[in-house]
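Protein chains in written order, with this note's numbering: chain A, 1 to 132; chain B, 133 to 519. Every residue gets a Cβ at the ideal spot worked out from N, C-alpha and C, and that includes glycine. Okay, structure first, notes after.
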């Protein structure tokens with residue numbers, strides 16, 4: 001088992017790390033190299049350095065507070081996403097155990113789905129998905 | 133060389149090839165997008181630089197390189213410069229685990245006085261037995277790049293664009309994830325290569341313990357998951373921030389969204405990420421629903437026999453030819469989907485934001501749950517609707 005795990009690590013996970021490092025080096029290196037080629041920016045050119053605005057002086061910066069309506073979406077997403085993650089192992093074994101424990105697997109997941117759908121309807125009815 | 137060293141070397145070389153392939157595809161896709169949009173809008177498009185405007189790509193690259201380096205006032209340098217680099221990561225990592233073709237079998241041979249082989253080279257950056265989970269995982273990293281760009285460039289348009297884009301991505305990730313659950317139910321595996329091999333031959337299904345074969349149709353996932361295909365297809369459009377779902381950069385409202393403050397090569401890196409994402413999505417569509425590298429009415433064995441007769445009974449050469457034939461088949465499918473992405477972008481208008489969220493949460497999510505239940509019930513009734 002230990003040898004298998006080591007093999008898995010070498011075969012599957014090490015390449016991912018190597019590739020990620022290569023991609024970072026590629027992107028970062030290209031950014032650095034192109035910065036050497038082009039014309040240099042005048043650091044005293046205040047107008048050019050201002051945040052983009054359509055031809056007028058900017059009124060505020062992005063770091064002022066903005067009402068973020070998206071937090072509710074994010075929280076609901078996390079709840080549903082965890083439930084989706086729970087379905088993956090079930091989906092993986094469903095076909096394999098269909099002939100021996102098919103009804104059990106199906107009913108269990110239908111019960112889970114019913115709870116999930118109930119929660120979804122609750123969120124919907126309470127205007128959690130309302131976009132106004 | 134030891135076994136591990138050899139395998140690592142082979143894997144690293146393969147991954148670099150896949151990564152460079154992705155980077156090389158980007159200018160071609162940009163050209164295709166510009167020519168295609170011109171074709172759709174009855175214009176000429178780039179046609180002056182080289183034949184059909186093909187060397188426009190080189191001219192563009194030179195122009196991108198020669199742009200002034202620019203860091204806006206008050207920008208967070210680490211986030212501002214980090215975002216375009218991070219944008220490359222999800223597409224590159226995901227594309228490396230896509231199975232492109234049949235494996236190449238190298239029979240034993242002798243070189244430099246040593247015996248080598250037999251080897252089996254998989255035409256896949258690296259083989260993962262949890263392929264889908266891995267791709268879902270790395271694809272989610274895309275949201276970081278958006279948020280880094282939005283916050284780092286310290287511009288209100290960028291911030292609004294990034295917030296919109298990330299909200300949109302997570303909303304459609306649910307429908308995407310649920311569509312993939314139905315796919316996993318159908319094939320019973322997370323392994324992309326096994327999914328592809330399950331789709332060979334004519335359409336075969338079991339109903340009430342009897343087997344039916346429809347010989348005029350290939351055994352592709354689309355015939356088992358038509359609803360899942362529609363849901364997945366719509367979600368990948370939203371995930372890659374393309375029209376009609378490009379609310380993140382709706383130029384009428386937000387200038388250019390999260391990349392307002394970007395120009396030159398940094399902009400190009402964002403484009404690479406976006407087109408890479410399109411390539412991954414197209415490959416997944418081909419693998420889940422259109423048989424991966426399989427060609428309808430042709431089996432791997434028959435192509436291999438043909439290649440053997442062509443190569444004069446050299447099994448290694450025949451294996452390479454077979455692999456190339458199926459690679460071409462896979463790439464044709466991917467190219468069709470990539471064209472579809474471009475076609476849709478220049479045909480449909482943009483959604484309004486509340487419509488977008490309503491479509492994601494109130495339409496796609498219930499339908500994808502329904503799709504899972506339907507698939508599970510049919511599989512149960514058929515006692516193994518096996519592919």
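List, in chain order, every chain A residue whose beta-carbon is nearer than 8 Å to that of residue i.
i: residue 201 of chain B; result: 34, 35, 38, 40, 41
i: residue 403 of chain B; result: Going along chain A, no residue has its Cβ under 8 Å from residue 403 of chain B, so there is no contact; the nearest lies around 12 Å.
i: residue 394 of chain B; result: Simply none; closest approach about 10 Å.
i: residue 332 of chain B; result: Simply none; closest approach about 18 Å.
i: residue 352 of chain B; result: The premise fails here: residue 352 of chain B is roughly 18 Å from chain A at the closest Cβ pair, so nothing lies under 8 Å.
i: residue 265 of chain B; result: 88
i: residue 512 of chain B; result: 98, 102, 103, 106
Under 9 Å, Cβ to Cβ, is there at least one residue of chain A near residue i?
i: residue 133 of chain B; result: Since pLDDT at residue 133 of chain B reaches only 49, below the 50 mark, its modelled position is unreliable, and the value read off the structure follows with that caveat. Not one chain A Cβ lies under 9 Å of residue 133 of chain B.
i: residue 444 of chain B; result: no
i: residue 213 of chain B; result: yes
i: residue 163 of chain B; result: no
i: residue 336 of chain B; result: no
i: residue 453 of chain B; result: no
i: residue 170 of chain B; result: no
i: residue 355 of chain B; result: no
List, in chain order, every chain B residue whose beta-carbon is nearer than 9 Å to that of residue i.
i: residue 81 of chain A; result: 302, 305, 306, 309
i: residue 74 of chain A; result: 298, 299, 302
i: residue 111 of chain A; result: None at all; the shortest Cβ gap to chain B is about 12 Å.
When you compare only the Cα positions, how much space is there between residue i and residue j?
i: residue 458 of chain B; j: residue 444 of chain B; result: 20 Å
i: residue 91 of chain A; j: residue 231 of chain B; result: 22 Å
i: residue 215 of chain B; j: residue 161 of chain B; result: 22 Å
i: residue 19 of chain A; j: residue 269 of chain B; result: 15 Å
i: residue 88 of chain B; j: residue 413 of chain B; result: No statement about residue 88 of chain B is possible, as the shown extent of chain B runs from 133 to 519 and does not include it.
i: residue 199 of chain B; j: residue 38 of chain A; result: 5 Å
i: residue 436 of chain B; j: residue 479 of chain B; result: 42 Å
i: residue 483 of chain B; j: residue 275 of chain B; result: 20 Å
i: residue 519 of chain B; j: residue 23 of chain A; result: Its pLDDT being 47, under 50, residue 519 of chain B is placed unreliably in this model, and the value from its coordinates should be taken loosely. Approximately 38 Å between the Cα atoms of the pair.
i: residue 201 of chain B; j: residue 52 of chain A; result: 16 Å
i: residue 14 of chain A; j: residue 155 of chain B; result: 22 Å
i: residue 251 of chain B; j: residue 446 of chain B; result: 15 Å
i: residue 26 of chain A; j: residue 118 of chain A; result: 48 Å
i: residue 71 of chain A; j: residue 374 of chain B; result: 23 Å
i: residue 86 of chain B; j: residue 330 of chain B; result: The question about residue 86 of chain B has no answer here: the residues shown for chain B are numbered 133 through 519.
i: residue 178 of chain B; j: residue 399 of chain B; result: 20 Å
i: residue 44 of chain A; j: residue 50 of chain A; result: 11 Å
i: residue 187 of chain B; j: residue 213 of chain B; result: 29 Å
Note down, in chain order, every chain B residue with its Cβ under 7 Å from the Cβ of residue i.
i: residue 49 of chain A; result: 204, 205
i: residue 24 of chain A; result: 217
i: residue 91 of chain A; result: 313, 316, 317
i: residue 104 of chain A; result: Those within 7 Å of residue 104 of chain A in chain B number zero; the least Cβ separation is about 11 Å.
In the DSSP assignment, the alpha helix (DSSP H) including residue i goes from what residue to what residue?
i: residue 469 of chain B; result: 447-477
i: residue 153 of chain A; result: No answer is possible for residue 153 of chain A: the residues shown for chain A start at 1 and end at 132.
i: residue 350 of chain B; result: Taken as a continuous stretch (DSSP letters only), residue 350 of chain B belongs to no alpha helix (DSSP H), being part of the beta strand (DSSP E) at 342-350.
i: residue 208 of chain B; result: Segment: none, residue 208 of chain B is in no alpha helix (DSSP H) and carries neither H nor E.
i: residue 298 of chain B; result: 288-319
i: residue 392 of chain B; result: That residue, residue 392 of chain B, is in no alpha helix (DSSP H); it is neither H nor E in DSSP.
i: residue 487 of chain B; result: 485-490
i: residue 45 of chain A; result: Looking at the DSSP string, residue 45 of chain A is not in any alpha helix (DSSP H), and its letter there is neither H nor E.
i: residue 195 of chain B; result: 188-197
i: residue 35 of chain A; result: 14-37
i: residue 503 of chain B; result: 497-513
i: residue 358 of chain B; result: 358-371
So that I know if they touch, is there some Cβ in chain B lying closer than 9 Å to that of residue i?
i: residue 115 of chain A; result: no
i: residue 1 of chain A; result: Because the pLDDT of residue 1 of chain A is 41, which lies under 50, any placement of that residue in the model is unreliable, and the question is left without a value.
i: residue 119 of chain A; result: no
i: residue 122 of chain A; result: no
List the endpoints of the continuous beta strand (DSSP E) containing residue i.
i: residue 339 of chain B; result: 334-339
Name the chain A residues whose beta carbon is nearer than 9 Å to that of residue i?
i: residue 228 of chain B; result: 15, 16, 19
i: residue 490 of chain B; result: 129, 131
Going by the DSSP bridge assignment, what does residue i pair with across the sheet?
i: residue 252 of chain B; result: B:237
i: residue 243 of chain B; result: B:246
i: residue 276 of chain B; result: DSSP, once it has assigned bridges, lists no residue as partnering residue 276 of chain B.
Name the chain A residues whose beta carbon is nearer than 7 Å to that of residue i?
i: residue 186 of chain B; result: Residues of chain A passing the Cβ test: none, with the nearest at roughly 23 Å.
i: residue 493 of chain B; result: 129
i: residue 508 of chain B; result: 94, 106, 109
Along chain B, which residues have their Cβ under 8 Å away from the Cβ of residue i?
i: residue 96 of chain A; result: 320
request  = With 9 Å as the limit, tell me which residues of the stretch 285-297 of chain B have their beta carbon closer than that to any beta carbon of chain D; keep them in chain order.
outcome  = The displayed structure is made up of protein chains A and B, and chain D is not among them.
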